[in-house]
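For the sequence shown, this note's numbering assigns the number 1418 to the initial residue and increments by one for each residue that follows. A virtual CB, placed ideally from N, CA and C, is assigned to each residue, including glycine. Predicted model, so just to flag it, every value in this text is computed and none were measured. Shown next, in structure tokens, is the structure this report addresses.
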Amino acid sequence: MSVKPMTPKEVTRKVINKEELFILDVRNEADFADWKIEGENFDYLNIPYFELLDGVEDMLDKLPSSKNILVVCAKEGSSIMVADMISEAGLSVSYLEGGMKAWSEHLEPVKVGDLYNGGEIYQFVRIGKGCLSYMVVSNGEAAIIDATRMINHYLEFAKNLDVTITHVFDTHLHADHISGGRVIAEKTNAVYWLPPKDAEEVTFDYSPLEGGNIVRIGNTAIDIHALYSPGHTIGSTSFVVDEKFLLSGDILFVDSIGRPDLAGMAEDWVGDLRESLYSSYRELSEELIVLPAHFMIIDELNENGSVAEKLGTLFENNHGLNIEDENEFRKLVTENLPPQPNAFQEIRQTNMGKIYPDEEQQREMEIGPNRCAVR
1418 MSVKPMTPKE
1428 VTRKVINKEE
1438 LFILDVRNEA
1448 DFADWKIEGE
1458 NFDYLNIPYF
1468 ELLDGVEDML
1478 DKLPSSKNIL
1488 VVCAKEGSSI
1498 MVADMISEAG
1508 LSVSYLEGGM
1518 KAWSEHLEPV
1528 KVGDLYNGGE
1538 IYQFVRIGKG
1548 CLSYMVVSNG
1558 EAAIIDATRM
1568 INHYLEFAKN
1578 LDVTITHVFD
1588 THLHADHISG
1598 GRVIAEKTNA
1608 VYWLPPKDAE
1618 EVTFDYSPLE
1628 GGNIVRIGNT
1638 AIDIHALYSP
1648 GHTIGSTSFV
1658 VDEKFLLSGD
1668 ILFVDSIGRP
1678 DLAGMAEDWV
1688 GDLRESLYSS
1698 YRELSEELIV
1708 LPAHFMIIDE
1718 LNENGSVAEK
1728 LGTLFENNHG
1738 LNIEDENEFR
1748 KLVTENLPPQ
1758 PNAFQEIRQT
1768 NMGKIYPDEE
1778 QQREMEIGPN
1788 RCAVR
């Protein structure tokens, strides 16, 4: 049987549609334990590639004959060789095109809503990394929020919609992924907005995103209001778009809340985090649809693949918003935290413009799951 590649987009559709898939991951055990492709109806087998160099005969009885089999490795090469051996044994098998490297970089655009006076808002789901970014479109103009470094996805999407990117925002100085915001702004002559309290060490010019700013996209009544909401970083800023959508950055997620320790300031910022979530957000309409900058677990995806929920629903169901005792809250966000993101200090320095790693170095810096949240 012939071995066919399965693209990250095809795997993403299987995740969203909750299809069955059997994944044979041939990376080493530590890498698999740290980060893998997740799907509600996926089954897994992890056997390192070096254990299969002499053949796959000893593990064939562990593979299903009735399910799609996908072989996964870091960059593709090893998975092709293993898939070829499995195919020669008579099983139907595919390999992940581009490996986990490509899985980490795939962006899936999903429309999340319409704006009152014409226009739309799109979410770009970075399914393998848990990053979420946005494009607000109105009357031929667009704003991009929390862009990843894969800037061509946004540029091509805007081109297909025949819109001009006029504004680019980062809700905060990211520590788990390299922002593409500044590069997009440079390529499109858009205005680049960054919270000034997060930008004290940056080496480039930007427009300060502060409370009271109103930015119009197109000629319609689409206002993006800056809502200062420190806690994840000291400059973290949320956006209320069109009085309908709350872009919460890394402060509030659907199933969790932001961690305050990535700049080494957990004890100092935990009070800000609680104030933002328990006071500032409580003053907002519970009908606002929360659109975060990350998701933590695959269960947060809606049926269409988007990550979004009403603020009122999160007040009811998100554990991080329902801790009455301040000491208990402080303990949650300062103790027993998940591991910090890979190379987060270097990522912060890159986003400040202090270092300029090449493309392959940027890939290596970002490898791994989303680790911006606490539950």
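* Segment limits, alpha helix (DSSP H) that includes residue 1734 -> On the sequence shown, residue 1734 is found 317 positions in, with the first residue counted as 1. Run containing residue 1734: 1728-1734, per the alpha helix (DSSP H) assignment.
* To do: Give every residue of the same chain whose Cβ lies closer than 6 angstroms to the Cβ of residue 1519, excluding the five residues on either side of it in the sequence, and list them in chain order.
  => For the purposes of this step, residue 1519 is taken as residue 102 along the sequence shown, with counting starting at 1. Correct list, in chain order: 1425.
* In chain order, what residues of the same chain lie with their CB nearer than 6 angstroms to the CB of residue 1511, ignoring the 5 residues before and after it? -> Start at 1 with the first residue of the sequence shown, and residue 1511 comes out as number 94. 1421, 1423 and 1487, listed in sequence order.
* Asked: Run through DSSP, which three-state label would residue 1591 get?
  -> Your numbering for residue 1591 matches position 174 in the sequence shown. Residue 1591: coil per DSSP, three-state reduction.
* **First and last residue of the uninterrupted alpha helix (DSSP H) at residue 1669** => As a position in the sequence shown, residue 1669 is number 252, starting the count at 1. For residue 1669, no alpha helix (DSSP H) segment is defined, and its DSSP state is neither H nor E.
* To do: Examine the Cβ distances between the stretch 1431-1439 and the stretch 1478-1485 and report whether three or more of them are shorter than 8 angstroms.
  => yes
* Asked: How would you label residue 1797, buried or exposed, when you count the other beta carbons within 10 angstroms and need 16 or more for buried?
  -> Nothing can be reported for residue 1797, as the shown portion of the chain is limited to 1418 through 1792.
* To do: Just mark residue 1699 as buried or exposed, buried being the case when its beta carbon has 16 or more other beta carbons within 10 Å.
  => Start at 1 with the first residue of the sequence shown, and residue 1699 comes out as number 282. By the neighbour-count rule (16 or more Cβ atoms within 10 Å), residue 1699 is not buried but exposed.
* Asked: Are the C-beta atoms of residue 1769 and some chain C residue less than 7 angstroms apart?
  -> Structure shown: chain C not included; a single protein chain is present.
* Asked: Just how far apart, CA to CA, sit residue 1715 and residue 1433?
  -> Along the sequence shown, read from residue 1 onward, the residue named residue 1715 stands at position 298. Along the sequence shown, read from residue 1 onward, the residue named residue 1433 stands at position 16. Taking the straight line from one Cα to the other gives about 9 angstroms.
* To do: Please state whether DSSP places residue 1562 in a helix, a strand or coil.
  => To locate residue 1562, count along the sequence shown from 1; it is residue 145. Looking at residue 1562 - three-state DSSP - the assignment turns out to be strand.
* Asked: What separation, rounded to the nearest whole angstrom, lies between the Cα atoms of residue 1568 and residue 1551?
  -> Position 151 of the sequence shown, counted from the start, is the residue given in the question as residue 1568. Position 134 of the sequence shown, counted from the start, is the residue given in the question as residue 1551. In this model, residue 1568 and residue 1551 are separated by some 12 angstroms (Cα to Cα).
* Would residue 1666 pass as a contact of residue 1588 if the rule is Cβ separation under 7 angstroms? -> The count along the sequence shown starts at 1 and reaches residue 1666 at position 249. The count along the sequence shown starts at 1 and reaches residue 1588 at position 171. Their beta carbons are under 7 angstroms apart, which means residue 1666 touches residue 1588 by this criterion.
* Span separating the alpha-carbon of residue 1638 from that of residue 1479 -> Mapped onto the sequence shown, residue 1638 falls at position 221. Mapped onto the sequence shown, residue 1479 falls at position 62. Confidence is the limiting factor: at residue 1638 the pLDDT is only 42, short of 50, which leaves the residue's position unreliable and the question unanswerable from this model.
* To do: Report yes if the C-beta distance between residue 1663 and residue 1707 is below 7 angstroms; otherwise report no.
  => Sequence index remark: in the sequence shown, residue 1663 carries index 246 (1-based). Sequence index remark: in the sequence shown, residue 1707 carries index 290 (1-based). At a Cβ-Cβ threshold of 7 angstroms, residue 1663 and residue 1707 count as neighbours.
* Length of the line joining the Cα atoms of residue 1751 and residue 1676 -> Your numbering for residue 1751 matches position 334 in the sequence shown. Your numbering for residue 1676 matches position 259 in the sequence shown. C-alpha separation (whole angstroms): 8 angstroms.
* residue 1430 versus 1617, 1767, 1702 and 1543, residue with shortest Cα-Cα distance -> Counting from one through the sequence shown, the residue named residue 1430 turns up at place 13. Closest by alpha carbon: 1543.
* **Spatial distance of residue 1693 from residue 1621 (CA atoms)** => Counted from its first residue, the sequence shown places residue 1693 at position 276. Counted from its first residue, the sequence shown places residue 1621 at position 204. Between residue 1693 and residue 1621, the C-alpha separation is close to 28 angstroms.
* Verify whether the separation of the beta carbon atoms of residue 1634 and residue 1575 is less than 7 angstroms. => The residue you call residue 1634 lines up with position 217 of the sequence shown. The residue you call residue 1575 lines up with position 158 of the sequence shown. In this structure, residue 1575 does not lie closer than 7 angstroms to residue 1634 by Cβ.
* Asked: How about residue 1724 and residue 1578: are their beta carbons less than 7 angstroms apart?
  -> For the purposes of this step, residue 1724 is taken as the residue at position 307 of the sequence shown. For the purposes of this step, residue 1578 is taken as the residue at position 161 of the sequence shown. A distance of 7 angstroms or more separates the beta carbons of residue 1724 and residue 1578.
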